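S.K.: Quick note: to get my numbering, add 61 to the position in the sequence shown (first position is 1). Every residue gets a Cβ at the ideal spot worked out from N, C-alpha and C, and that includes glycine. Since the structure is predicted, the reported quantities are computational estimates derived from the model, not experimental observations.
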Amino acid sequence: MTVNEMSGNPAPVLDFPRKARATEVMRLSVAPMMDWTDRHCRVFHRLMTRHALLYTEMVTTGALIHGDVPRHLRFHEEEHPVALQLGGSEPHDLAHCAKLGEEWGYDEINLNCGCPSERVQRGAFGACLMNEPQLVADCVKAMVDVVDVPVTVKHRIGIDKIESYEFVRDFVGAVSEAGCGTFIVHARNAWLQGLSPKQNREIPPLRYALVHRLKHDFPALQFSINGGIATNAQVHEHLRLLDGAMIGREAYHNPWWLAEWDAEFYGDAPQTLTREDIEARMCDYMVREAAEHGTNWWSIARHMLGLRNGLPGARRWRQVWSDHRLKTRPPHEVMALAHEPAAQAA
62 MTVNEMSGNP
72 APVLDFPRKA
82 RATEVMRLSV
92 APMMDWTDRH
102 CRVFHRLMTR
112 HALLYTEMVT
122 TGALIHGDVP
132 RHLRFHEEEH
142 PVALQLGGSE
152 PHDLAHCAKL
162 GEEWGYDEIN
172 LNCGCPSERV
182 QRGAFGACLM
192 NEPQLVADCV
202 KAMVDVVDVP
212 VTVKHRIGID
222 KIESYEFVRD
232 FVGAVSEAGC
242 GTFIVHARNA
252 WLQGLSPKQN
262 REIPPLRYAL
272 VHRLKHDFPA
282 LQFSINGGIA
292 TNAQVHEHLR
302 LLDGAMIGRE
312 AYHNPWWLAE
322 WDAEFYGDAP
332 QTLTREDIEA
342 RMCDYMVREA
352 AEHGTNWWSI
362 ARHMLGLRNG
372 LPGARRWRQV
382 WSDHRLKTRP
392 PHEVMALAHE
402 PAAQAA
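1. In the structure shown, what three-state DSSP assignment does leucine 35 receive?
2. Have a look at leucine 267 and aspartate 129 and give me their C-alpha separation to the nearest angstrom.
3. Fully enclosed by the stretch 175-223, which beta strand (DSSP E) runs are 3 residues long or longer?
4. Have a look at Phe279, Pro280, Leu302 and flag the residue whose alpha-carbon is nearest the alpha-carbon of isoleucine 286.
5. Taking the alpha-carbon positions, what's the glutamate 139 to serine 237 distance?
6. Can at least three beta-carbon pairs, one atom from the stretch 322-335 and one from the stretch 345-356, be found at a separation below 8 Å?
7. Would the stretch 345-365 count as touching the stretch 282-301 if we require 3 or more Cβ pairs under 8 Å?
8. If you count every other CB in all the chains shown that lies within 10 Å of the CB of asparagine 250, and 16 or more means buried, which is it?
9. Taking buried to mean at least 16 other C-beta atoms within 10 Å of its own C-beta, is alanine 81 buried or exposed?
10. Does the distance from the CB of threonine 117 to the CB of glutamine 146 come in under 7 Å?
11. For asparagine 173, which three-state DSSP category applies?
12. Please report the distance separating the alpha-carbon of proline 316 from that of glycine 367.
13. With DSSP collapsed to three states, give me the class of phenylalanine 244.
14. Report the rounded CA-to-CA distance for valine 143 versus arginine 390, giving the unit in angstroms.
15. Among Phe284, Val381, Thr213, His277, which one has its Cα closest to the Cα of tyrosine 167?
16. Grouping DSSP H, G and I as helix and E and B as strand, with all else coil, what is isoleucine 264?
17. What do you reckon, are the CB atoms on tyrosine 327 and histidine 112 nearer than 7 Å?
18. Considering only residues of the same chain and omitting the five flanking positions on each side of arginine 217, which have a CB-CB separation below 7 Å?
19. If you draw a straight line from the alpha carbon of leucine 300 to that of cysteine 158, how long is it in whole angstroms?
20. Below 8 Å on the Cβ atoms is my contact criterion, and I expect arginine 230 with leucine 196 to pass it. Report the Cβ-Cβ distance as a whole number of Å.
21. Which residue from Trp378, Arg310, Arg386, Ala397 puts its Cα closest to that of lysine 259?
22. Under the three-state reduction of DSSP, which class applies to threonine 110: helix, strand or coil?
23. Could you tell me which of Asp384, Arg262, Val208 sits nearest to serine 360, measuring between CA atoms?
24. On the premise that glutamine 283 lies in contact with glycine 242, defined as a C-beta separation below 8 Å, what is that separation, rounded to the nearest angstrom?
25. Looking at the structure shown, is asparagine 357 part of a helix, part of a strand, or coil, going by DSSP?
26. Buried or exposed: where does proline 73 fall if 16 or more other Cβ atoms within 10 Å of its Cβ makes it buried?
27. Rounded to whole angstroms, what's the CA-CA distance from isoleucine 245 to methionine 204? Just pull it up for me.
28. Is arginine 82 helix, strand or coil when you go by DSSP?
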């Protein structure tokens, strides 16, 4: 079954000759997700995949211009390759923040043109920017002019009831002329009114064929597809047609899947670390973070609660790592308790 059939799209699959991709790193990536893909989550994901591109949560230009820059941009060397996603719509501000991102060592600067939340809309950025392709082009050019790392754009295939292919085609055309060579396309429309951000990730239908058509019409550009991808078979099918696949919620809720990626999609040797090895390394990281930054271990542990999904005792394991009564215990001790199903949690 093709990805078009899986998404309910009747359109024929467009095929293209397989060729060397410009950026191997974009083959697999973990999507930027608010409140989820912070630096702790990215360290956890990096333990399972050495190659996949990891994204920050969206950081607004206002937060960087008026806020605590180290708090927003600090990350660990082991996170590379890592991309900074920016939210904003003022070219000068975006150029300033892109330069900050480059100075802090990020490998890519990404502009958010896909978030549909009302709060983001009030800031005049996110998905509503698709209505203003020339403004997005101006923003991209301002960033491209001041940084040497790639500037990319993440966007939807349409907004509200605009479902024509021409809408997204013209958006990509205008923005690419400003110097953007890579587009990450969430294959759903964004409904700016009437749906919550969660509903916007589930209710608008997936239309993968439109993303495939973009690659057909813009063969010199790089396209990564996002939305509803949850299996290796789906990834392989998309990579037959496109340059990359971006995984969102499935990567977060079932993180052990990432342990297959390097061998499956990059030709690497199979992962040798076990789930327990990764859990232990995260405990080491929690100790380090507490010593260096005063970070509480439970703010890190929340990201790894899906690590043992599908295994016997997984529910008990999650309960131990989520037990507020254990917050005074060191993380390695909590791990030991989590692996002793008969033990008392407190």
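M.R.: With the given structure in hand:
1. This structure does not reach residue 35, given that the chain is present from 62 up to 407, and the question cannot be answered.
2. C-alpha separation (whole angstroms): 38 Å.
3. Within the stretch 175-223, the runs of beta strand (DSSP E) at least 3 residues long that lie entirely inside it are, in chain order, 212-220.
4. Residue Leu302 is the option with its Cα nearest to isoleucine 286.
5. If I take the Cα positions, the gap works out to 31 Å.
6. In short, these stretches do not touch, since the Cβ pair count stays below three.
7. When C-beta atoms of the stretch 345-365 are compared with those of the stretch 282-301, fewer than three pairs fall below 8 Å, so the two segments do not count as touching.
8. So asparagine 250 counts as buried.
9. Only weak support exists for where alanine 81 lies, its pLDDT of 31 falling under 50; the value from the coordinates is given anyway. Looking at its Cβ environment, which holds fewer than 16 other Cβ atoms inside 10 Å, alanine 81 is exposed.
10. Yes, these two residues count as a Cβ contact at 7 Å.
11. Strand at asparagine 173.
12. Each residue's alpha carbon lies about 6 Å from the other.
13. Three-state DSSP puts phenylalanine 244 in a strand.
14. Cα to Cα, the separation comes out at about 32 Å.
15. Closest by alpha carbon: Thr213.
16. When DSSP states are grouped into helix, strand and coil, isoleucine 264 belongs to the coil group.
17. It is a contact, given that the beta carbons lie within the stated cut-off.
18. Counting only Cβ-Cβ distances below 7 Å, and skipping sequence neighbours, we find Gly175, Ala188, Met191, His247, Arg249, Asn250, Ala251.
19. Near 32 Å, if we compare the C-alpha coordinates of cysteine 158 and leucine 300.
20. Going by Cβ atoms, the distance from arginine 230 to leucine 196 rounds to 18 Å, so no, they are not a contact pair.
21. It is Arg310.
22. Here DSSP, grouped into helix, strand and coil, assigns threonine 110 to coil.
23. The alpha carbon of serine 360 has as its nearest neighbour, out of Asp384, Arg262, Val208, the alpha carbon of Asp384.
24. Going by Cβ atoms, the distance from glycine 242 to glutamine 283 rounds to 6 Å, so yes, they are a contact pair.
25. Three-state result, asparagine 357: coil.
26. Low per-residue confidence applies at proline 73: pLDDT is 34, beneath 50, and the placement is therefore not dependable enough to give any value.
27. In a straight line, the C-alpha of isoleucine 245 is about 17 Å away from that of methionine 204.
28. Summary for arginine 82: the model assigns pLDDT 36, below 50, so the residue's position carries little reliability, and this model does not support an answer.
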